[in-house]
Amino acid sequence: MAQIYTSKLHSLQPSLLLLDFGTPVVRDAGCPPDFNFRSEQPPVLAQIAFTAGWTAISSLIGYYKALYGPHMLLHLNLAYFLPSLPPLILQSVWDAKLDGKYGIAKAATVRLCLGMWTLLLSMCTFLSDVLMSYVHLCTLSAGLGGSAVICAIYPFYEASRTILLLLVSLLGLCNSIAFSTSYQIVTHFGTSNSVALTTGKGVQLGLVPESLQCFCILHGIAVVGTVDARECTMRFVASGPVVVLAEAALRMGPRPSYTQQLLLFQLVAALTLAGWIAAMLLLFKWWTQLQSKASNSETLIEDTTDPSHSSQYSFVSATEHHSRHHSTLLGHNALDEERLLEQSSSGLDGSETSLGSSGSRDEMERGHQSSFSLESMGSRTPSAPSLLALRPSWPQALAHGIWPAALALFLSVSTSILIFPFFPYVPTSGYFGDALPQVLFGARVISDVTGRLLPRLPFFNTKSGLLSLALAKAIMTPIFFLYISSAMSTYNDWAAVLYITLFWLLSGYVNNCAYVMAPRWAPQTSAAKAGGIMALIFQASSLLALLVAFWIEHSQFADV
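Right under this line is the structure:
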């Protein structure tokens, strides 16, 4: 029987997100000690690298309006977002089938050989959880490397509209490789090692209230720490303020010179390349340890088939996990919040566990040897049904649990994507003149970041509160189109800026709350699936909004 140890999760500042494997987390008897990441600082540039290229391109609204007309921003959005769907679809269709037909090891080898520099990169999986993490980091790095190259050559080819759209499409494809790979990472990590996963788009899985134990692929190999929930939703917008500050430093107006554009995109390419190098350096630094770690047995949280123990999660060895890989994905979100808060604050001090036994809380607090069982909400009686028996109904239970968060995210993302391509159509009163679209873009970026940093009020952590905010944002949307389409006698640039500011404050706030609350509202066995669904909703709502925007433009603004 495996000897199982627990470690204290040290509280870390959100800005550092340092790894802490100082004490053995879970290992079999005879395994070498775990390697120590305690002093490792994550590559912060990797956060910016994900979307810096697209943010820089989409910020030149006034320039493209003057060069190609106001419809160009919509076409750029379509060119960027459409290529992001195939990786997600291919993974969802073929991932489990390849594993089931050829086995995880063989399928992973084929994917690695065929897909390292192609779209199949997004389908890479590996037998071991930790080994899989650096394979996915290679995927991430390939996507970021492609983005860096595209940003570097972008200023030299943007004079051609066709080549411009092609480059943006390739940029979207490279980013989608990294994004879609991150979406699937959580399905290969046991919830004992990762309570939450965050990606470039803020996908969070298995949330602990007000605090996350995060596996952040954006920050390197295995960045595990305790961070505030808002920190994990900042990845997608991290590049926005950087690009805005760079344009301000270069004094770029609505019609920047070739030199200004060249400097901007070379800076973006350098930042993207730096993020790629930082990720690769971290990969190579711990390559040997990761290979050794991957060969050792890991311990994952698994349910028991014994009905008398169906209310508890048990720890099992990785040898059992390999044969029951997809049955280990149990979330922590349905656990009693009070107990979770106590555990996160006490750090699971020094408790040593063994299979099948149960210990008192006093023993755990004193650091004595005891068992460690997590009692799920709603399953506290011996007569509670087995978790395995409940699995066939997970789609219905999952949909019932997270539909408010999913609907709120859908409304928020779709309305934001719908409005953004029409920034060039906003009439000016003359105060900002041709620079109005650029000012609106800056207001959008700053407001989105600010909205994600705002404290989550208790009322908006409820389903009705979150939906009310999302509906309010949806109701605001027609006002924008009435403003840009009506023949008003006077317009006010500051009114337009105020509207965009309030609109994207709501956007950042609602998106943050939706990502945070979805895993908490999901059934206990479907927290990981909740994050995947939220990621898919983001992509689907973006595509639907762009199609609606395309229809509005051709029906209402074809002559503009």
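Under the working numbering, think of the first position of the sequence shown as 17, with each following residue one higher.
Yeah, the Cβ is synthetic: ideal placement off N, Cα and C, and Gly gets one too.
If we ignore side chains and look at the alpha-carbon of each, how far apart do residue i and residue j end up?
i    : j    : result
I495 : T275 : 38 Å
A424 : T517 : 19 Å
L181 : L559 : 17 Å
A512 : V442 : 8 Å
L83  : V259 : 21 Å
G446 : L261 : 24 Å
D575 : W510 : 26 Å
A65  : S463 : 21 Å
S502 : A286 : 44 Å
L266 : A546 : 42 Å
I549 : K479 : 17 Å
A530 : A422 : 7 Å
L283 : A264 : 13 Å
L106 : S273 : 41 Å
R177 : A490 : 33 Å
R472 : V465 : 14 Å
P16  : L92  : The chain is shown from 17 up to 576; residue 16 falls before or after that span and cannot be answered.
P102 : P474 : 38 Å
N191 : I553 : 17 Å
F497 : L183 : 30 Å
Do residue j and residue i come within 8 Å of each other at the CB atom, strictly closer than that value?
i    : j    : result
M533 : L482 : yes
Y522 : A488 : The question names Tyr, but residue 522 is Leu in the sequence shown. Cβ atoms of L522 and A488: closer than 8 Å.
L75  : F476 : The amino acid occupying residue 75 in the given sequence is Ser; Leu does not appear at that position. No, these two residues do not count as a Cβ contact at 8 Å.
I77  : P453 : yes
P257 : V461 : yes
A68  : T288 : yes
V429 : N527 : yes
L90  : P535 : no
L562 : I418 : no
Q555 : S185 : no
L278 : M268 : no
T444 : Y499 : no
In the DSSP assignment, the alpha helix (DSSP H) including residue i goes from what residue to what residue?
i    : result
M88  : 88-97
D509 : 509-537
R271 : Element bounds for R271: n/a, residue is neither H nor E.
F496 : 479-501
E457 : The sequence shown places Phe at residue 457, not Glu. Unbroken alpha helix (DSSP H) run through F457: 452-469.
L83  : 77-84
G446 : No alpha helix (DSSP H) holds G446; DSSP gives it neither H nor E.
A574 : Note, A574: premise wrong, no alpha helix (DSSP H); not H, not E.
P257 : 255-265
Under 6 Å Cβ to Cβ from residue i, same chain only, skipping five residues before and after it: list those, please.
i    : result
Y525 : G467, L470
A459 : V513, I516, T517
D450 : G78, P270
S557 : F426, V429, S430
L94  : L562
S255 : I64, T67, A68, T71
Once you ignore the five residues that flank residue i on each side, which residues in its own chain have a CB closer than 7 Å to its CB?
i    : result
M492 : F519
G440 : According to the sequence as given, residue 440 is Pro; it is not Gly. I77, K81, P86, L89, P453, listed in sequence order.
E569 : H87, L90
L4   : Residue 4 is absent from the model: the chain starts at 17 and stops at 576.
F448 : V455, D509
Q572 : S501
V564 : L434
Identify, in the order they occur along the chain, each residue of the same chain with its Cβ nearer than 8 Å to the Cβ of residue i, setting aside the five sequence neighbours on each side.
i    : result
F566 : L90, L94
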